[in-house]
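Q: Quick one: the structure is below, and I'll ask about it shortly.
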Amino acid sequence: MDKRVNKMVVPPPERLAIEEASTVDLVKEALDEAKELVRLEVELAKTEIDEEIARAKKAAVGFALAGAFGVLALCMLAVALVLALGGTPLTAIAVAGGFLLVAGLGVALGYSVFPKKPLAHTRARLESDLEQLKEHLA
Numbered sequence: 008m009d010k011r012v013n014k015m016v017v018p019p020p021e022r023l024a025i026e027e028a029s030t031v032d033l034v035k036e037a038l039d040e041a042k043e044l045v046r047l048e049v050e051l052a053k054t055e056i057d058e059e060i061a062r063a064k065k066a067a068v069g070f071a072l073a074g075a076f077g078v079l080a081l082c083m084l085a086v087a088l089v090l091a092l093g094g095t096p097l098t099a100i101a102v103a104g105g106f107l108l109v110a111g112l113g114v115a116l117g118y119s120v121f122p123k124k125p126l127a128h129t130r131a132r133l134e135s136d137l138e139q140l141k142e143h144l145a
């Protein structure tokens, strides 16, 4: 579901009847519409960037969690090695395995929310706008 909210209400531009408009007026109207389109695309791109930054922050938290638990797992594996020489290594290995499991979950979470295709919506809209402009000019 798209969470973006269009906060702007753009009134419809006053259009001249094609039969009544001069070429200069039609070119001005086309340029005004193109400027408005570019302005709206920039605004939508900013919104999309903000959304992707928020997702990247969540991914960073997941990766940080994974890193922290990875370090703890390495520490526990070191303790397990020491205990293997004379302590109870099975307990230390089990705890280290638990930390590794949590680290793996953190990596999976971070990867799942990391943006895969930056600005995908904006790219699609720009391609569509270019196609429409080509059709309109043809």
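Take the sequence shown: its letters are residues 8 to 145, numbered as in my numbering. Even for Gly, the Cβ is constructed at its ideal location relative to N, Cα and C.
1. Should Gly-113 be labelled buried (16 or more other beta-carbon atoms within 10 Å of its own) or exposed?
2. Between Leu-38 and the rest of its own chain, which residues show a CB-CB distance below 7 Å, the 5 nearest in sequence each way excluded?
3. Helix, strand or coil, according to DSSP, for Glu-48 in the structure here?
4. Please state the DSSP three-state secondary structure of Ser-135.
5. Any contact between the stretch 96-111 and the stretch 121-141? By contact I mean 3 or more CB pairs, one from each, below 8 Å.
6. Looking at the unbroken alpha helix (DSSP H) that takes in Pro-96, where does it start and where does it end?
A: Taking the coordinates as given:
1. buried
2. none
3. helix
4. helix
5. no
6. 96-120
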